[in-house]
Amino acid sequence: MVASAVQSNPYEAATQDIGRRLLKATRTQKNFFAQMRDQMRWEDRMLAWTMENPGLRVQLFRLIDCLPSLGSKAEIADHLREYLVDESVELPEALKGLLSFTQPDSLPGQIAATTFTTAVSALARKYIAGENLSQVLKTIERLRGQKLAFTMDLLGEAVISEAEAQNYLQRYLDTLEALAQAAQSWSKVPAIDQAEGEDLPRVQLSVKLSAFYSQFDPLDTAGSQRQVCDRLRILLRRAKDLGAAIHVDMEQYLYKDLTNEILQDLLMEEEFRQREDIGVTLQAYLQESEADLRRWIDWAKQRGTPVTVRLIKGAYWDQETIRALQHQWPVPVFQDKAATDANFERLTQLLLENHEVLNAAIGSHNVRSQAHAIAIAQALNIPPRRLELQVLYGMADKLALAQAQEGFRVRVYTPYGELIPGMAYLIRRLLENTANSSFLVQSVGEASEATLLAPPQPHSPAPPPAPQGEFQNAPPQDYSQRRARDLAQQALKSVRQQLGQTYRPLINGQWIETAEHIHSENPANPEEIIGRIQLGGVSDVDTAIAAARSAFPAWKRTPVGDRAALLRRVADLMEARQADLAAWILLETGKPLRESDADVVEAIDFCRYYAHQMEQIHRGQAYDLPGETNRYHYQPRGIAVVLSPWNFPLAIPTGMVMAALVSGNCTILKPSQQSAVIAAKLTELLVEAGVPQGVFQFLPGRGSEVGSALVQNPHVHLITFTGSQEVGCQIYAQAAQLQPDQRHLKRVIAEMGGKNAIIVDESADLDQAVQGVVESAFGYSGQKCSACSRVIVLAPIYDRFLERLIEATRSLVVGPPDHPDTLVGPVIDAAAQARLQAVIAAGSAEATLALAMETPARGYYVGPTLFTGVDPSSVLAQQEFFGPILAVMQAQNFAAALEIANGTRFALTGGLYSRSPSHIAQAQAEFEVGNLYINRSITGAIVNRQPFGGFKLSGVGSKAGGPDYVLQFLEPRTITENVQRQGFAPLESD
1 MVASAVQSNP YEAATQDIGR RLLKATRTQK NFFAQMRDQM RWEDRMLAWT MENPGLRVQL
61 FRLIDCLPSL GSKAEIADHL REYLVDESVE LPEALKGLLS FTQPDSLPGQ IAATTFTTAV
121 SALARKYIAG ENLSQVLKTI ERLRGQKLAF TMDLLGEAVI SEAEAQNYLQ RYLDTLEALA
181 QAAQSWSKVP AIDQAEGEDL PRVQLSVKLS AFYSQFDPLD TAGSQRQVCD RLRILLRRAK
241 DLGAAIHVDM EQYLYKDLTN EILQDLLMEE EFRQREDIGV TLQAYLQESE ADLRRWIDWA
301 KQRGTPVTVR LIKGAYWDQE TIRALQHQWP VPVFQDKAAT DANFERLTQL LLENHEVLNA
361 AIGSHNVRSQ AHAIAIAQAL NIPPRRLELQ VLYGMADKLA LAQAQEGFRV RVYTPYGELI
421 PGMAYLIRRL LENTANSSFL VQSVGEASEA TLLAPPQPHS PAPPPAPQGE FQNAPPQDYS
481 QRRARDLAQQ ALKSVRQQLG QTYRPLINGQ WIETAEHIHS ENPANPEEII GRIQLGGVSD
541 VDTAIAAARS AFPAWKRTPV GDRAALLRRV ADLMEARQAD LAAWILLETG KPLRESDADV
601 VEAIDFCRYY AHQMEQIHRG QAYDLPGETN RYHYQPRGIA VVLSPWNFPL AIPTGMVMAA
661 LVSGNCTILK PSQQSAVIAA KLTELLVEAG VPQGVFQFLP GRGSEVGSAL VQNPHVHLIT
721 FTGSQEVGCQ IYAQAAQLQP DQRHLKRVIA EMGGKNAIIV DESADLDQAV QGVVESAFGY
781 SGQKCSACSR VIVLAPIYDR FLERLIEATR SLVVGPPDHP DTLVGPVIDA AAQARLQAVI
841 AAGSAEATLA LAMETPARGY YVGPTLFTGV DPSSVLAQQE FFGPILAVMQ AQNFAAALEI
901 ANGTRFALTG GLYSRSPSHI AQAQAEFEVG NLYINRSITG AIVNRQPFGG FKLSGVGSKA
961 GGPDYVLQFL EPRTITENVQ RQGFAPLESD
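Mapping of the sequence shown onto UniProt numbering: residues 1 to 990, in sequence order.
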């Protein structure tokens, strides 16, 4: 293998020679972690155990992840037992002894908690350079004594508010000042402080662009760039004054293109164009990384002054893979570790071959990868100024020293900060250190020199084929991609040119004229008329019912495959016009772009999922005995009336209509007046897809007239409704009244809202919890039946949570939904605005108004509103308001939190943020909601994955998007036949 690699790679022979030298200097004694186990300190023993026991590794790391949130030794002892005393975990004897206590607050429990936290803190100090600047400066002096340079990384919480972004900028500035002042007393170390007679910055700070702006988002490229650049300029100017360098870290793939674009534009500004003390990071595990590097090379040639490119392999592989798979997007990272290693070597060569225009920083702990870089550098005689090698603090220390002894400048990526907010960083380091594929694990184990230095041999794992005939969710738009953003803007422009048209009812296959009409207006700008809707009346109800009755016999006999094909044609049309439909939703209902796109995706999913489900149902069931056959199958009910809401103007009516149609029912859609244009667009799609005359009819009208007439008509068999509990109960009562000439009982399917709660316990990840609550409460201005309107926080973390919640909410952008920075748009109309303003005024008399945000003057806006000190029995805590109003309540313990959460007449959605296995299990058993979400937002249910619907007064019927939803539109039948003739029965065929 090596011989063939030498022939194809001119640097291979040198790579092998250098690699052997480095390995000799770095390899520890084999079986290091297996030796002298009893003499190890606890932190070393924990690391050793994780090497050998994957199940224990997972539980230990999960425990360490939540440790910073635990405020007492009893809590820590309790979580120790919850995480580690598990059937799936094989405990070492020493751990069994440590966990032998019976009560968490006992002396043995306190000893266990102290032992564990002490060990974790000691382990953290291996990878975090210090908790304060005094400790960090000692670390830096030690590194410099070893002829190692540093780059400082500040650990801390995620930036979820503008207050935290400003604080991060100040922390960066303060750190620069302190390091620069300390650097004045450092003795010069020529190996790291000079290159080719030129002084190099002694201080380098690594920063993340998302820390400069809490709403950092590729969808709002211009706004994010403006906010980040304003703050980054301050930092770069101060760094220049202090003689320090700034390096920009790369984060998630979501931010990659935006980060590159911001840096390339900013560094072309005249003020910064000559600066060489700035760097950017590239991640080799990304399949696009070679194209990105080539763009940086072209950019650098145009700029004329080099910047530094730090080449690393990447730290978010699992996250990027999972995110892509969940959204049905292409996975951006290589799926084979060897492919990443091979790409790293290609990028190393490309980067070093362009050292005239870009400086290189090669970051890896893999001896093979670093040896390859050194071999190229020596072959090309690259000047010392143009190359440095990098490692992470606490990892590959011997490799760093060996590289420095080879004469290369070596920089140590040095994180610093309090151990509690640094735990996430620690977990990533631990995962790298104990992963089976980690070079470090191999280098301290049994792997041979030849194995460690062998050229990477990628294999291309073929993606598993999609199951034939199985349902697959449609992908949402990925707005981190320029193409998706451009498509959205083009669609908005195109749709705006179509505003103001007239939309008529469709009855018996004909678009009819009516006398009355209304205007559908843009709630963000009421002067902008979306469309003119002609309204049907009671007489039109009779005509539509007659047409449906006439069409029903043929539609009932239409093969299921043909009915399913109609739905799939509609789905295909929706998918082809996804951007346009999202634009219509945005303009008519004020729903921001991402959520409008999600509305379209859900509609597509409903079409395909219900088509698939009906085909499965149609197979029926057979129970045959000798001499007798039994067939269980279904038939359609008859005429279905769909009464749809405005808040999911395409998804919900599509779901209800498609379930009715595919099951063989003739269907009449009466949409909400506020979103009738979107319903008309759905109607146009059905007509284009070929729905037969009379099978589907579109009848916009007033609910008190047309809606009531449809519900009470004796020929209607089924009513499906989504809306308020008050209207839903009226429909339920009206449908139950037997009308003259009515020969059946009507079936009612009703989803009637909720008063949804999220519980946040003391073990929760507050970054995750605050963001999830904000998204759940204020996404689409709280106008979702699944929205969070109550958050119940346990007392130990209440103050900290509330402080961050207020600042995160205050940082939201309230404005027109067609502005890319908007996260909270208008409410649906003037009546909703007035009603919510009255609720806020009344609520201020019974609770504390903690935050009420200002809103634009034009449009129907109600700003995100927070109330604290809310009584669980008050109107604020009991009544559904359908708007951006959140009640924040405190609970003394988890049992009390569950009691408050369950203490309403609704049971739709609920959420829990917790890292306590017992609390999660208790919520799963006792939290009375139809959809329970744990450690994620409580909105955004996806068809098939999270069938949606509740109980109590939240609704009646099966869950939308679930396996039994279509069954509600069908009547089950059993047919039994005696096949005996004079004692003879046909035998089953073999």
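By construction, the Cβ of each residue, glycine as well, lies at the ideal position given by its N, Cα and C atoms.
From the listed residues LEU205, ARG273, ARG231, ASP44, the smallest Cα separation to GLY243 is found for LEU205. C-alpha of ALA14 to C-alpha of ARG303: approximately 34 Å in a straight line.
Classified as buried, ARG411 has 16 or more neighbouring CB atoms from the shown chains inside 10 Å of its CB.
When DSSP states are grouped into helix, strand and coil, VAL793 belongs to the strand group.
Close CB contacts of LEU685 within its chain, under the 7 Å cut and outside five residues either way in sequence, are with VAL570, LEU573, MET574 (chain order).
Spatial neighbours of LEU148 in its own chain (CB-CB distance under 8 Å, excluding positions within 5 residues in sequence) are listed in chain order as ILE192, ALA400, LEU401, ALA404, VAL410, ARG411, VAL412. Taking the C-beta atoms as reference points, ASN935 is found no nearer than 7 Å to PHE948. According to DSSP, LEU912 shares a beta bridge with ILE759, ILE934. The alpha-carbon separation between GLN968 and TYR623 amounts to approximately 23 Å. In the three-state reduction of the DSSP assignment, ARG485 falls in the helix class, which pools H, G and I. Under the three-pair Cβ rule at 8 Å, the segment 912-921 counts as touching the segment 75-91. Using a Cβ-Cβ distance cut-off of 8 Å, the segment 261-277 and the segment 324-338 are not in contact, since fewer than three pairs of beta carbons, one from each stretch, lie closer than that value. In the three-state reduction of the DSSP assignment, ARG973 falls in the strand class, which pools E and B. Per DSSP, the beta-bridge partners of SER520 are GLY531. Taking each of LEU876, LEU682, GLU271, ALA25 in turn and checking the Cα distance to THR305, the smallest one comes out for GLU271. Within the segment 181-269, complete alpha helix (DSSP H) segments of at least 4 residues are found at 190-193, 221-242, 256-266, given in chain order. Residue nearest to TRP296 within the set GLN252, LEU137, VAL120, ASN359 is ASN359 (criterion: CA-CA distance). Exclusion of the five residues before and after SER134 leaves no residue of its chain whose Cβ lies closer than 8 Å to its Cβ.
Secondary structure in the segment 669-712: the beta strand (DSSP E) runs of 3 residues or longer, each lying completely within the stretch, are 696-698 in chain order. For GLN335, there is no enclosing alpha helix (DSSP H), since its DSSP letter is neither H nor E. The three-state reading of DSSP puts VAL307 in coil, since its state is none of H, G, I, E or B.
A distance of 7 Å or more separates the beta carbons of ALA178 and VAL203. Exclusion of the five residues before and after GLY130 leaves VAL136, THR139, TYR416 as the residues of its chain whose Cβ lies within less than 6 Å of its Cβ. Between LEU176 and GLY422 the beta-carbon gap is near 20 Å, outside 8 Å, which marks them as no contact. In this structure the segment 365-374 lies against the segment 346-355, because at least three pairs of beta carbons, one per stretch, are closer than 8 Å.
Residue environment: TYR913 is assigned as buried (16 or more neighbouring CB atoms within 10 Å of its CB, all protein chains considered). Contact holds between the segment 634-653 and the segment 706-721, because three or more Cβ pairs, one in each stretch, are under 8 Å apart. For the pair of segments examined, the segment 501-520 was found to touch the segment 677-684: the number of CB pairs separated by less than 8 Å reaches three. Apart from the 5 residues on each side of it in sequence, ASP597 sits with its Cβ closer than 6 Å to the Cβ of PRO476, GLN477, ALA582 in its chain, given in chain order.
For GLY363, there is no enclosing alpha helix (DSSP H); the enclosing beta strand (DSSP E) covers residues 359-363. Listed in chain order, the non-local C-beta contacts of ILE797 below 6 Å within the same chain comprise GLU762, local neighbours out to five positions each way being set aside. Counting C-beta pairs closer than 8 Å gives three or more between the segment 626-637 and the segment 956-970, which meets the contact rule.
Excluding the 5 residues flanking it on each side, HIS327 has same chain C-beta neighbours closer than 8 Å at PRO475, PRO476, ASP478, in chain order. Remark: C-beta atoms of SER675 and PRO700 do not approach each other more closely than 7 Å. Per the C-alpha coordinates, the member of GLU87, TYR425, GLU196, MET152 positioned closest to PHE61 is TYR425. Checking the DSSP bridge columns, you'll see TRP511 partnered with LEU506.
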